[in-house]
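Structure record follows, encoded as structure tokens.
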Amino acid sequence: MPSTTAILLILLVSLTVLPLSAGNTTTETLVKGNTTFAVELYRKLERMEGNIFFSPYSISTALAMTYGGARGNTAKQMADVLHFIPDNNVLHPGFAGLEAQMNDVRQRGYVELNVANSLWPQENYPFLPEYLDLIKEYYKVSITPVDYKGAAEKARNTINKWVEEKTKKKITNLIQPGILTELTRLVLVNAIYFKGNWASRFDVNRTEETDFYLLNGKIVRTPMMNQVQIFKYGEYGKLQILELPYDGNDLSMIVFLPNKPNGLAKLDNYLTVERLETWLSVLRKRKVKVFLPKFKMTSYFRLDKTLAGMGMPDAFNAAADFSGMDGTRELFIQAVLHKAFVGVDEEGTEAAAATAGLLGKKGPPPRPTVFRADHPFFFLIRENKTGSILFMGKLLNPAQK
Numbered sequence: 020m021p022s023t024t025a026i027l028l029i030l031l032v033s034l035t036v037l038p039l040s041a042g043n044t045t046t047e048t049l050v051k052g053n054t055t056f057a058v059e060l061y062r063k064l065e066r067m068e069g070n071i072f073f074s075p076y077s078i079s080t081a082l083a084m085t086y087g088g089a090r091g092n093t094a095k096q097m098a099d100v101l102h103f104i105p106d107n108n109v110l111h112p113g114f115a116g117l118e119a120q121m122n123d124v125r126q127r128g129y130v131e132l133n134v135a136n137s138l139w140p141q142e143n144y145p146f147l148p149e150y151l152d153l154i155k156e157y158y159k160v161s162i163t164p165v166d167y168k169g170a171a172e173k174a175r176n177t178i179n180k181w182v183e184e185k186t187k188k189k190i191t192n193l194i195q196p197g198i199l200t201e202l203t204r205l206v207l208v209n210a211i212y213f214k215g216n217w218a219s220r221f222d223v224n225r226t227e228e229t230d231f232y233l234l235n236g237k238i239v240r241t242p243m244m245n246q247v248q249i250f251k252y253g254e255y256g257k258l259q260i261l262e263l264p265y266d267g268n269d270l271s272m273i274v275f276l277p278n279k280p281n282g283l284a285k286l287d288n289y290l291t292v293e294r295l296e297t298w299l300s301v302l303r304k305r306k307v308k309v310f311l312p313k314f315k316m317t318s319y320f321r322l323d324k325t326l327a328g329m330g331m332p333d334a335f336n337a338a339a340d341f342s343g344m345d346g347t348r349e350l351f352i353q354a355v356l357h358k359a360f361v362g363v364d365e366e367g368t369e370a371a372a373a374t375a376g377l378l379g380k381k382g383p384p385p386r387p388t389v390f391r392a393d394h395p396f397f398f399l400i401r402e403n404k405t406g407s408i409l410f411m412g413k414l415l416n417p418a419q420k
């Protein structure tokens with residue numbers, strides 16, 4: 020086997036600024052696989068200390084571009100871990116279909132949802148035309164040759180500037196000094212930016228400093244938003260589930276709140292894709308008094324060791340086979356970097372039918388169900404038509420940025 024000297028770097032960037040089922044079988048299969056990977060990756064990342072936030076959609080998309088050039092056992096391992104449809108002739112059109120749905124959401128104009136893919140190859144490196152054609156056709160990538168051999172630092176600054184522009188300067192300095200070297204041959208970047216207003220906004224004048232109970236029993240003070248409104252809400256065992264739609268109802272944040280302040284660890288251990296589907300199935304519209312903390316968080320992950328540990332080690336060592344990219348077996352993945360930002364506050368647009376259904380019967384209205392997120396919870400943000408999970412995270416401490 021030739022010595023493995025060339026390096027492939029995968030970067031994943033996601034940004035979301037948050038005011039606080041499809042008929043296509045291929046889409047359904049792809050979304051189910053992406054959701055399974057999202058849950059399994061969350062189970063790995065949740066072991067880390069502190070708040071976490073990441074975009075499984077961004078990670079799956081960038082790795083799908085990489086999978087297009089994987090062959091042999093490398094491809095099999097990646098398909099198993101990422102729960103991809105193994106057939107490239109089905110997988111990549113499926114991702115293109117998801118992107119088309121994201122574009123429909125973008126065109127509707129209620130939220131900002133921008134997904135951008137870029138490829139940064141070494142100048143004059145002989146990538147196979149069929150590989151470049153595949154990712155251009157299905158992932159709409161911009162391809163910009165750079166010189167890692169002679170100017171790695173300049174290449175780093177150029178790629179970081181592109182990321183800053185696509186995330187409106189919320190994600191900066193993604194590639195740290197020293198990551199790119201003269202052996203780097205290709206950098207793939209996926210950037211996703213989302214900004215959405217709540218369909219039913221929180222009144223900033225009602226936000227108050229209240230207690231938030233940490234897992235260790237300590238208490239921090241945090242700004243707590245609140246409102247009473249008709250939302251989709253459900254209960255399952257010792258869990259409350261609340262769906263907060265964004266303007267236009269194309270996307271929603273779904274919050275999973277254990278009934279005890281120290282209940283998140285047990286909930287995380289219990290989480291599977293089947294249970295997630297069960298929890299989502301109990302959501303029904305009802306009147307809810309919601310208490311939700313304002314928070315911001317930035318998460319940075321180097322995912323190569325995590326992904327290798329999940330069952331795809333060959334991609335990251337001399338056994339790698341990405342011959343579908345350049346016709347050789349000299350490429351391997353040096354690193355998978357992911358940085359994500361989320362901010363949640365009161366901003367939103369008042370829905371025209373915000374109070375519909377609250378009047379009609381004589382006598383006093385029913386007391387609203389109380390959803391008080393004053394202790395750790397996990398949440399996700401999904402695109403509602405396909406069910407794609409765009410973002411996922413957990414909040415342990417709103418005072419931690």
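Okay, so the sequence shown: first residue is 20 according to the numbering used here, each after it adds one. Backbone N, C-alpha and C fix where the C-beta goes; we use that ideal spot for every residue, glycine too.
I need the boundaries of the alpha helix (DSSP H) containing residue i, first residue and last residue.
i: Q120; result: 107–127
i: V58; result: 44–64
i: K71; result: For the sequence presented, residue 71 should be read as Ile rather than Lys. Where I71 is concerned, there is no enclosing alpha helix (DSSP H), although the beta strand (DSSP E) it sits in stretches over 71–73.
Give me the DSSP bridge partner(s) of residue i.
i: E131; result: K214
i: F231; result: V239
i: S407; result: E402
i: R386; result: Per DSSP, none; premise fails for R386.
i: I249; result: K306
i: L414; result: F396
i: V223; result: None, per the DSSP bridge assignment.
i: M84; result: DSSP, once it has assigned bridges, lists no residue as partnering M84.
i: Q141; result: V165
i: M244; result: L311
i: E254; result: Q259
Between the options, which has its C-alpha nearest residue i's C-alpha?
i: I194; options: A81, F275, E172; result: E172
i: K187; options: T291, E131, Y255, V363; result: E131
i: F360; options: S74, I162, E59, K63; result: S74
i: V292; options: G69, L60, N108, Q248; result: L60
i: I71; options: E296, Y319, G169, A354; result: Y319
i: Y289; options: F275, E365, A418, A170; result: F275
i: A418; options: K315, G343, D166, F398; result: K315
i: D364; options: A338, P312, F390; result: P312
i: Q353; options: R225, L202, N416, V160; result: L202
i: I400; options: I273, G197, G282; result: I273
i: S266; options: R127, I78, E47; result: This sequence places Asp at residue 266; Ser is not what is there. Here the closest residue by C-alpha is R127.
i: N336; options: M344, R348, G343; result: R348
i: K10; options: K63, F390, N192; result: Nothing about residue 10 can be read from this structure; the chain reaches only from 20 to 420.
i: N209; options: G328, V124, A135; result: A135
i: Y212; options: V58, G69, V182; result: V182
i: M331; options: E47, F56, V160; result: F56
i: N122; options: D269, L138, T297; result: D269
i: L299; options: R305, A338, L415, Y255; result: Y255
i: M244; options: N133, Q259, T226; result: T226
i: G362; options: L283, K304, G197, G215; result: G215
i: F310; options: F351, Q259, K324, G197; result: Q259
i: M344; options: D152, T45, V355; result: D152
i: K358; options: L82, A338, I78, S271; result: I78
i: L350; options: A89, G412, V58, I190; result: A89
i: D340; options: V58, L82, Y86, E47; result: Y86
i: Y167; options: E156, N143, V160; result: N143
i: R66; options: L286, K304, K279, Y158; result: L286
i: P164; options: N179, A170, Q141; result: Q141
i: D230; options: L64, P280, L261; result: P280
i: E47; options: K185, N403, P264, P242; result: N403
Need the endpoints of the beta strand (DSSP E) that residue i sits in, please.
i: S271; result: 270–277
i: V100; result: Unbroken run through V100 is the alpha helix (DSSP H), 91–101; no beta strand (DSSP E).
i: L261; result: 258–264
Confirm the yes/no value for this check: CB of residue i, any heavy atom of the ligand PLP, distance under 7 Å.
i: P387; result: This structure lacks the ligand PLP; in fact it carries no ligand of any kind.
If we count Cβ pairs, one from each stretch, closer than 8 Å, do we get three or more for the region 146–155 versus the region 219–226? Judged by Cβ distances under 8 Å, the region 146–155 makes no contact with the region 219–226, as fewer than three pairs qualify.
Every unbroken beta strand (DSSP E) within the region 286–353, with a cutoff of 3 residues, ordered by chain: 303–312, 314–321
Flag this pair as touching only if the region 87–103 and the region 44–59 have three or more C-beta atom pairs under 8 Å; answer yes or no. yes
Length at least 4, wholly inside the region 143–175: the alpha helix (DSSP H) runs in chain order: 148–158
Contact between the region 248–266 and the region 106–115 is defined here as three or more beta-carbon pairs at a separation below 8 Å; is this criterion met? no
Touch check for the region 230–237 and the region 388–408: three-plus C-beta pairs under 8 Å? yes
Would you check if the region 402–420 and the region 74–87 touch, i.e. whether three or more CB-CB distances between them fall below 8 Å? yes
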